[in-house]
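Enquirer: Following my numbering, the numbering of the sequence shown begins with 3 at its first residue and continues without gaps. One structure coming up, written as structure tokens, with questions to follow.
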Amino acid sequence: MKKQKLNYRFHNPNPADVTADYILKIFIEVNEKKVEQAIRSSAGELKIENSKECPV
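Shown next as structure tokens:
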């Protein structure tokens, strides 16, 4: 028996810019912890590099 391919259709009454803004907010919220961790990691590396270059 051949599998039937599923087709999904979504009705979105919002304008494209509103939809894009909503999706962007979701992506930001989902990746917030990863971004914070990347910033802290990068800041830690900068501190290490700066301490190597400029001994106090």
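Cβ atoms here follow ideal geometry from the backbone N, Cα and C, with glycine treated the same way. As the structure is a prediction and not an experimental result, all values here were calculated from the model.
Whose C-beta lies closer than 6 angstroms to the C-beta of Arg11 among residues of the same chain, with five residues either side of it excluded?
Expert: none
Enquirer: Have a look at Pro15 and Leu26 and give me their C-alpha separation to the nearest angstrom.
Expert: 18 angstroms
Enquirer: DSSP on Phe12, reduced to helix/strand/coil?
Expert: coil
Enquirer: For Thr21 and Ile28, I'd like the C-alpha separation in whole angstroms.
Expert: 11 angstroms
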